[in-house]
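Report on the following structure.
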Amino acid sequence: MSEDANSRIKSEIESSDVVLFMKGTPQAPQCGFSMQVVQILNHLGVPYKAINVLADGAIRDGIKAYSNWPTIPQLYVKNEFIGGCDIAKEMFQSGELVALLDKEGVPHSPAGKA
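Its first residue numbered 0, the sequence shown is counted upward by one per residue in numbering that gives the first Met the number 0.
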C-alpha cells in the first residue's frame, strides 16, 4: 500500500467519530452489505462520514491492508476498526453498538433500539 493512501486513510478515520468505508454513497449504496450498514447508522441517527471506495482504487485496496480485513464495508468508531457488515449487524441487534457509541460519547438518537 502506498504511503499516500495509508496517510489519507488515517486522516479520514481521524477526521470523524464514525467513518464508514463503503461501496457507493449513503444515498446510493453500490452493494447490499454497504446498504445494511448505512441503514443501521441512519436508524441510530449517528452522524458519520462515508468514504466511497469505488471512487478511489488506492483507498479501496489500501483500506483492506490498513485494517487487515478483506471486505468492504468497514466501520470505524473513534479511530477503532469495528468490523464489516456482519459484525455491525450483530452489534446493532445485541445492543452492543449503542453501548459502544454511548461509551465513546458519539451522539445518536435515543430510538436506537433494534
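All residues carry an ideal CB built from backbone N, CA and C; glycine is no exception.
The structure displayed is predicted, hence computed values, not measured ones.
Do you know offhand how far residue i's Cα is from residue j's?
i       : j       : result
Ile-71  : Lys-22  : 7 Å
Leu-53  : Asp-101 : 31 Å
Pro-69  : Pro-109 : 33 Å
Gly-111 : Arg-59  : Reliability of the predicted coordinates at Gly-111 is poor, the pLDDT of 48 falling under 50, and the value obtained from them is presented with this limitation in mind. Computed Cα separation, rounded: 30 Å.
Gly-83  : Gln-35  : 10 Å
Ser-6   : Gly-56  : 15 Å
Glu-11  : Asn-67  : 17 Å
Leu-43  : Glu-79  : 19 Å
Thr-24  : Val-45  : 16 Å
Identify the continuous beta strand (DSSP E) that holds residue i and give its terminal residues.
i      : result
Leu-74 : 73-76
Ala-49 : 48-51
Gly-82 : 79-82
What first and last residue would you give for the alpha helix (DSSP H) that runs through residue i?
i      : result
Gly-56 : 56-66
Gly-31 : 31-43
Lys-9  : 2-13
Taking DSSP as the reference, what is the three-state secondary structure of residue i?
i       : result
Gly-111 : Note that Gly-111 scores 48 on pLDDT, short of 50, meaning its location in the model is unreliable; the coordinates nonetheless yield the value given after this. Correct three-state label for Gly-111: coil.
Val-105 : coil
Leu-100 : helix
Using only alpha-carbon positions, find the residue among the options that is nearest to residue i.
i      : options                         : result
Val-76 : Pro-69, His-107, Ala-57         : His-107
Ala-32 : Ile-86, Leu-96, Val-105, Gln-92 : This sequence places Phe at residue 32; Ala is not what is there. Considering only alpha carbons, the answer is Ile-86.
Ile-39 : Phe-80, Asn-67, Met-90          : Met-90
Asp-3  : His-42, Tyr-65, Gln-29          : Tyr-65
Ile-50 : Val-37, Glu-95, Glu-79          : Val-37
Gln-73 : Gln-26, Glu-103, Cys-30         : Cys-30
Below 8 Å on the Cβ atoms is my guess for residue i versus residue j; work out the distance and round it to an integer in Å.
i      : j      : result
Val-97 : Lys-48 : That pair is no contact at about 19 Å.
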